[in-house]
Amino acid sequence: MSKRIGLTAILLLFLLAVSAQKRLNYSEVDKKSYELFQHQKWAELLSFCAEARSQGIDFFYLQARTGIAYYNLKKYRKASGWFLKAWGNDRNFEWLQEYLYYSLVFSGRSSEAIKFASGFTGPVKKRIGFSGSKLTRLAVEGGYSFNPDFDKLTNAAFGEVANVGEDYGEAFYLKNYHFESFDLSHRLTPGISVNHNFTYISVNREEQVDWGAQSSFPIKIKQYQYFLNPLFVVGKKLYVSPSVNFVWGDSELFQGGLDSNSGKYFYSAPLKYSDLIFSTAVWSHFGNLSPGAEVNLATINKKDFMQFSAWVTFYPFSNTSFYLIPRVYFKAAQATGFGYNTFGVSGGAQLGQVHVYGQYLNGDMENFIESAGYVIANFPGHSSQKFSASFYFPEGKKYQFVLRYINQDVTESYQVYTGGVKSNSIKYDKYIKHTLTCGISWNF
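Reminder that position 109 of the sequence shown reads as 304 in my numbering, one-by-one numbering, no gaps.
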């Protein structure tokens, strides 16, 4: 028994000694953390700061030194959190103002950085090139999309498969299209900016009609799109981004008619159309995570519906060198109700001077909306899968080139009409739409 009591006493004395050795006070923490800071031992400094806080010790310089340690380890998102805490305690230090600004910029939070910069001193504003209102970006981009299965589809006998007989069978096949886009962004005040985009799309399709015999007509579609997207930074880190997208265009179209004298004939029946999309996206930042949600109210191809999506951006290295964005989409329509629609995952990586961004979507993408209404799938038919890759090449501090490749499947239908009423429909072979684009942007 006495031996057991002795061992217990020794163990207790050892634990008390260790506890006494680890107990820190303010002056020790300030001195040791400053020494580690001076010798740039960033990992050791972070460990020591964490130990001090576990004992209830925290103060302005400890917060600032923690932020600087993370900053030098290029963990900018974690650094910005500590600089914000230090900023809340004392806003007078110009070195802290610069650290806070650049940690937010390098975290992908430039709008917040500008809003905070409005409260910086004059010399700091001059060094960072601060301006409350200015033109921030101009960009032009053009692209070409084509269907390599065009000849295969147009030579297929879908009328026979659908048993069109003496009825009226009709199909449309995408051949190619090109688009040109102009983008302008400007800041109204710190925390409020506006983006404008105008896009023109010229589409070449072929209309085939089986009506006793097969007839083919080239179809030209001209589509215009204007996108207006303000961005508000509410409070310290809440982003609210409403948008409106106007889409309008006209399409060539040929229809069949009957004449008592000449019998069957075809005539030009040009079609005008318009789509309208309202969107609001909200997101924020919490450490290495940035969750967000978006709602879209739209009328596309004469169909009214609501689309909702939610996502979270994950920055595993606490900076923008690599990030992943899983996203899920839901759609509500009168015919189908509200439910799951599409899953997507995107992400980016910094490879030297080149930034690479990729996206994958899988689901039922008919009248589908991406990115606050900026990208819409208002083409006929529907898509179930989409891949895209973008490569950004900086040139100096102001210019950036971009190259993109998009691979998307499309499924459309061959329609049969009896007495002017649709009586049958078959889906013809899925084809892949390939798109190549390039562009340049000027950042001011």
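Glycine included, every Cβ here is placed at the ideal spot set by N, Cα and C.
By a C-beta neighbour count over all protein chains shown, 10 Å radius and 16 as the cutoff for buried, is residue i buried or exposed?
| i | result |
| --- | --- |
| Arg382 | buried |
| Ser513 | buried |
| Phe232 | buried |
| Leu433 | exposed |
| His480 | buried |
| Lys270 | buried |
| Lys526 | buried |
| Asn573 | buried |
| Phe393 | exposed |
| Phe538 | exposed |
| Gln548 | exposed |
| Glu230 | exposed |
| Tyr535 | exposed |
| Glu361 | exposed |
| Asn562 | buried |
Taking DSSP as the reference, what is the three-state secondary structure of residue i?
| i | result |
| --- | --- |
| Arg322 | helix |
| Thr316 | coil |
| Glu607 | coil |
| Lys310 | helix |
| Phe209 | Note that Phe209 scores 49 on pLDDT, short of 50, meaning its location in the model is unreliable; the coordinates nonetheless yield the value given after this. Residue state, collapsed to three classes: helix. |
| Gln502 | strand |
| Phe255 | helix |
| Ser479 | coil |
| Glu402 | strand |
| Asp344 | coil |
| Thr331 | strand |
| Ser513 | coil |
Taking the alpha-carbon positions, what's the residue i to residue j distance?
| i | j | result |
| --- | --- | --- |
| Trp506 | Pro486 | 6 Å |
| Gly543 | Asn399 | 33 Å |
| Leu448 | Lys628 | 22 Å |
| Asp604 | Pro575 | 12 Å |
| Ala584 | Gly553 | 4 Å |
| Trp443 | Leu466 | 11 Å |
| Tyr510 | Leu546 | 16 Å |
| Ala351 | Asn371 | 18 Å |
| Val428 | Leu492 | 23 Å |
| Phe377 | Gly276 | 36 Å |
| Ser463 | Glu402 | 12 Å |
| Thr494 | Phe500 | 7 Å |
| Phe353 | Met560 | 24 Å |
| Gly338 | Gln580 | 20 Å |
| Pro318 | Phe301 | 21 Å |
| Ala488 | Phe412 | 44 Å |
| Ala259 | Ser566 | 36 Å |
| Phe325 | Arg304 | 15 Å |
| Val213 | Ser228 | With a pLDDT of 46 at Val213, under the threshold of 50, the modelled position of that residue is not reliable, and no figure is offered here. |
For residue i, which residues from the same chain have a beta carbon less than 7 Å from its beta carbon, with the 5 sequence-adjacent residues on both sides left out?
| i | result |
| --- | --- |
| Ile252 | Leu219, Tyr221 and Val224 |
| Ala264 | Trp237, Leu240 and Leu241 |
| Tyr296 | Ala308, Phe311, Ala312 and Ile323 |
| Ser328 | Arg382, Leu383 and Thr384 |
Apart from the five residues just before and just after residue i, which ones in its own chain have a Cβ nearer than 8 Å to its Cβ?
| i | result |
| --- | --- |
| Gln595 | Tyr587, Phe588, Pro589, Ile635, Ser636 and Asn638 |
| Thr316 | Glu289 and Gln292 |
| Val597 | Glu336, Ser585, Phe586, Tyr587, Phe588, Thr632, Cys633, Gly634, Ile635 and Ser636 |
Apart from the five residues just before and just after residue i, which ones in its own chain have a Cβ nearer than 6 Å to its Cβ?
| i | result |
| --- | --- |
| Tyr555 | Val540 and Phe582 |
| Leu426 | Ser388 and Ser436 |
| Phe278 | Gly262, Tyr294, Leu295 and Ser298 |
| Asn440 | Phe422, Ile472 and Gly568 |
| Asn483 | Arg272, Tyr510 and Ser513 |
| Ala528 | Phe500 |
Looking at the C-beta of residue i, does it have a partner C-beta in chain D at a distance below 7 Å?
| i | result |
| --- | --- |
| Gly338 | Note that chain D does not occur in the displayed structure, where there is just one protein chain. |
Next on the checklist: Just to confirm the assignment: which complete alpha helix (DSSP H) runs, minimum length 4, are found wholly within the region 351-395?
Outcome noted: 353-356
Next on the checklist: Restricting to runs no shorter than 4 residues, where is the alpha helix (DSSP H) found entirely within the region 227-305?
Outcome noted: 237-249, 255-267, 271-284 and 289-300
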